[in-house]
Every structure is written in C-alpha cells, then in structure tokens.
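Undergrad: Here it is, the structure in full.
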Amino acid sequence: MTLSVTSSCWEICTYISTSVSRISFNPEIMDMAMEEIKSSTRMLLLSAVIMLVILLTGPLGYRFGVVPLEPSMISLLVAVLGSVLVLIGTIVYSFIASKNKLLKDRNILLLSMGISLLPIIIMGPQMVGTGSVPPIHDITTDTETPPEFKEILKHRAHAMNDAAYGSEQLPAEELAAMQLAAYPGVVPLETELTVDEAVSRAEQVLRDQGLEIIAVESGTGLVEATATTFWFGFKDDLVVRVTASEKGSRVDVRSVSRVGHSDVGLNAKRIEKFLAAF
493 MTLSVTSSCW EICTYISTSV SRISFNPEIM DMAMEEIKSS TRMLLLSAVI
543 MLVILLTGPL GYRFGVVPLE PSMISLLVAV LGSVLVLIGT IVYSFIASKN
593 KLLKDRNILL LSMGISLLPI IIMGPQMVGT GSVPPIHDIT TDTETPPEFK
643 EILKHRAHAM NDAAYGSEQL PAEELAAMQL AAYPGVVPLE TELTVDEAVS
693 RAEQVLRDQG LEIIAVESGT GLVEATATTF WFGFKDDLVV RVTASEKGSR
743 VDVRSVSRVG HSDVGLNAKR IEKFLAAF
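In structure tokens, the structure reads:
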C-alpha cells in the first residue's frame, strides 16, 4: 500500500515536472507558470499553518470551555487529514521548484513540509493506537472487587462516565475479560510495608507523578487522586486501596476516565507506571 502511494506521488511529480519543462521554451508561458508555482508555494505554507492552528485550538478550546467536545474532536481529524493533503502538495511542488532552480520557493516548501508534519506526528500514533486497544475506560488490578471511589464521587457528578464498574452496554464480566486480555500486566502489588506505610507511599508516588490528591484515608487504606491531560484537560480519577496481607499489605489500583468511550490505553499505562514506582 505504502509503495503504491509513493509510486503514484512520484508519477504525479514526474508528470507535472515534464509539463513545466515543455512550456519552458515559451518565455511568456514560463513566466506565468513560475508565478503559479510561487503562488501555490505561499498557499501551501498558509494552509500548513492553518492546519497547525486548528490542531491547537480544538483541544485547548475545549479545555478552557470555549469549544464543545464534539467539534474539538472533529478539529483533530480535520487537522491531520488536511496536513496529509498539504504534505502531498509540498512534496510535489518541492520537486518542481528544485527542477526549476527556484531555491527560495523550495525552502518555503520545506518549511511548509515541516509544519504539516507536526499534526501527523502528534496525532498519528494516538489514532493508530486507538484501534490497537479495547474500547474501555475503566481499568483496575482487581476486576472481581474493584476499589471504589468515595470523595471523588462529588467531583464526578456531571461526568460523562459514571463510577460504576461495568454497565448495561458492557457488563462487568465482559469489561474484566477485555481488560485481562489487553493488559495482563495490570495486577495487584504485594509489599512488606504496613498498611499505613503503603498508604503514605502511595500518596507520595501519586504526588511525584503529578496527580492531584483528593483524599487520603489511612483508616480505610484509600488514596484518591485525579490526573488531568495536557491538551483537552480531560480528567481521569484514580483510587488506591491498601489492605493487610500475610506479607504486609496488598495494593490495588483503579483508574477511570470521566470522558470518552475509550481511554486509548492511558489508564492501564498510568496504573503500571504507579506500580513500577511504588
């Protein structure tokens, strides 16, 4: 597929370049063609900048309450697809500019190419990753008796996703099966620390990882915290439950997104990162 697209782009470049070469014997037509190339070069640079602005304004607009969620998500798709088209255009015209020794225009096109690559590089891996993980947003080390939120429930009153484990659309048993198949490494942690020591350690690790601590209850062994994403400002809630065990204590973690059907694997990564640093 990639080879086919590359071949097609090369054929287009060759065709356009040949066409420009054929008209180069007519000075008047050649001047018109060069002016068209310069105009297209400026347009491609402007388009690349516009796509980058769209990429930034969508998520940040939602975070600051200016843009609704759905338009902000659509803006990402528009920015990426638009950038792909701009990138193809810059490749074609860079070939033409180099062929006709238009060094200034070629340099502008290279700048356009770099700008148009940014939305693709930033969003491409996430879009690809969406299809490689299950469409779930509630991950826990204990799928049979998931840790429950207490204080954070006040902050989730208007959340798109509730804090119940499982739903009518996706029962708890199916949710657990999907998680275990996708993230087999998300398991409880056994430690020699006492419950109080483990609670203190959990709080410290969460703080070090940039989460906002909502509540710490040493008596019940619970630590609740919230993580906020950079672009959209999405909030994911995390609860750590520490219980006594023969070895010392057992640490269970649960991370749930407030918004979105799929978390693109973020909650599992957050839990694994926490357990690795514990």
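Numbering (the numbering used here), first residue to last: 493 to 770.
Ideal Cβ placement from N, Cα and C applies to all residues, glycine included.
Using the Cα positions of E527 and S539, report the straight-line distance between them to the nearest angstrom.
TA: Taking the first residue of the sequence shown as 1, we reach residue 527 at position 35. Taking the first residue of the sequence shown as 1, we reach residue 539 at position 47. Going from the Cα of E527 to the Cα of S539 covers about 18 Å.
Undergrad: Sorted by chain position, which residues of the same chain lie with C-beta nearer than 7 Å to E764's C-beta, five sequence neighbours on each side aside?
TA: Stepping through the sequence shown from its first residue, residue 764 is reached at position 272. Contacts found: G677 and V678.
Undergrad: Looking at the structure shown, is T622 part of a helix, part of a strand, or coil, going by DSSP?
TA: Translated into the one-based positions of the sequence shown, residue 622 becomes position 130. Note: T622 maps to helix in three-state DSSP.
Undergrad: For D729, which residues in the same chain have their Cβ closer than 6 Å to its Cβ, ignoring the five residues on either side in sequence?
TA: Counting from one through the sequence shown, the residue named residue 729 turns up at place 237. If we look at D729 and ignore the five residues flanking it on each side, its Cβ neighbours are I644, T718 and V748.
Undergrad: Could you pull the start and end residues of the beta strand (DSSP E) that E704 belongs to?
TA: Within the sequence shown, residue 704 is the residue found at index 212, counting from 1. Run containing E704: E704 to E709, per the beta strand (DSSP E) assignment.
Undergrad: Give the straight-line distance between the Cα atoms of L561 and E738, rounded to the nearest whole angstrom.
TA: Counting from 1 along the sequence shown, the entry for residue 561 is found at position 69. Counting from 1 along the sequence shown, the entry for residue 738 is found at position 246. Rounded to the nearest angstrom, the two C-alpha atoms are 47 Å apart.
Undergrad: Keeping to the same chain, check which residues put their C-beta closer than 8 Å to that of R648; ignore five residues upstream and five downstream.
TA: Working through the sequence shown from its first residue, we reach residue 648 at position 156. Answer for R648: F641, D654, A655, D729 and R750, listed in chain order.
Undergrad: Evaluate E660 with the Cβ neighbour count: other Cβ atoms within 10 Å of its Cβ, from every protein chain shown; 16 or more gives buried, anything less gives exposed.
TA: Looking up residue 660 in the sequence shown gives position 168. Exposed.
Undergrad: Out of L569, E666, R733 and T720, point me to the one whose CA is closest to N759's CA.
TA: If you number the sequence shown from 1, residue 759 lands on position 267. The candidate whose alpha carbon is nearest that of N759 is T720.
Undergrad: Comparing alpha-carbon positions, which option in T633, A571 and L603 lies nearest L667?
TA: Here residue 667 refers to the residue found at position 175 of the sequence shown. Comparing Cα positions, the closest option is T633.
Undergrad: Grouping DSSP H, G and I as helix and E and B as strand, with all else coil, what is R750?
TA: Reading the sequence shown from its first residue, position 258 is the one you call residue 750. It is coil, neither helix nor strand.
Undergrad: Going by Cα to Cα distance, which pick from D688, G623 and K727 is closest to I706?
TA: Along the sequence shown, one-based indexing puts residue 706 at 214. Here the closest residue by C-alpha is K727.
Undergrad: Pull up the DSSP beta-bridge partners for S741, would you.
TA: Translated into the one-based positions of the sequence shown, residue 741 becomes position 249. T683 and A736, per the DSSP bridge assignment.
Undergrad: If you drop the 5 nearest sequence neighbours on each side, which residues of the same chain put their C-beta closer than 6 Å to that of L767?
TA: Numbered from its first residue, the sequence shown carries residue 767 at position 275. Cβ neighbours of L767 beyond the five flanking positions: L681.
Undergrad: What does D729 pair with, by DSSP beta-bridge criteria?
TA: Counting from one through the sequence shown, the residue named residue 729 turns up at place 237. For D729, which the question treats as bridged, DSSP gives the partners T718 and V748.
Undergrad: From the DSSP output, in three-state form, read off T632 for me.
TA: The residue you call residue 632 lines up with position 140 of the sequence shown. Looking at T632 - three-state DSSP - the assignment turns out to be strand.
Undergrad: So, under 8 Å CB-CB, L568 and G550 are touching, yes? Tell me the CB distance rounded to an integer number of Å.
TA: Locating residue 568 in the sequence shown gives position 76, counting from the first residue. Locating residue 550 in the sequence shown gives position 58, counting from the first residue. Confirmed, about 6 Å.
Undergrad: Specify whether the stretch 604-617 and the stretch 683-703 touch according to this definition: at least 3 beta carbon pairs, one from each stretch, less than 8 Å apart.
TA: Touching, no, given that fewer than three Cβ pairs across the two stretches are closer than 8 Å.
Undergrad: Going by beta carbon distance, what residues of the same chain come within less than 8 Å of G752, once the five residues before and after it are set aside?
TA: Residue 752 sits at position 260 when you count from the first residue of the sequence shown. Result list for G752: H629, M652, N653 and F726, in chain order.
Undergrad: Please list the segments of the alpha helix (DSSP H) lying wholly inside the stretch 531-614, counting only runs of 4 or more residues, in order along the chain.
TA: Fully enclosed alpha helix (DSSP H) runs of 4 or longer: 561-591.
Undergrad: Roughly how many angstroms lie between the CA atoms of V731 and Y675, to the nearest whole one?
TA: Position 239 of the sequence shown, counted from the start, is the residue given in the question as residue 731. Position 183 of the sequence shown, counted from the start, is the residue given in the question as residue 675. Using only the alpha carbons, I get a separation of about 18 Å.
Undergrad: Tell me whether D755 sits in a helix, a strand or coil according to DSSP, three-state version.
TA: One-based indexing of the sequence shown puts residue 755 at position 263. D755: coil per DSSP, three-state reduction.
Undergrad: Taking V715 as the reference, give the member of P639, L577 and V584 with the closest Cα.
TA: Here residue 715 refers to the residue found at position 223 of the sequence shown. Considering only alpha carbons, the answer is P639.
Undergrad: Would the beta-carbon of S575 fall within 9 Å of that of L536?
TA: The count along the sequence shown starts at 1 and reaches residue 575 at position 83. The count along the sequence shown starts at 1 and reaches residue 536 at position 44. For S575 and L536, no; Cβs fall outside 9 Å.
Undergrad: Could you give the distance in angstroms between the alpha-carbon of A571 and the alpha-carbon of G606?
TA: Mapped onto the sequence shown, residue 571 falls at position 79. Mapped onto the sequence shown, residue 606 falls at position 114. When rounded, the distance between both Cα atoms is 14 Å.
Undergrad: Take L601 and list the residues in its own chain whose beta-carbon comes closer than 7 Å to its own, dropping the five residues that flank it on each side.
TA: Counting from 1 along the sequence shown, the entry for residue 601 is found at position 109. Result list for L601: T533, L536, T582, Y585, S586 and A589, in chain order.
Undergrad: So that I know if they touch, is there some Cβ in chain D lying closer than 9 Å to that of V679?
TA: Here there is only one protein chain, and chain D is not present.
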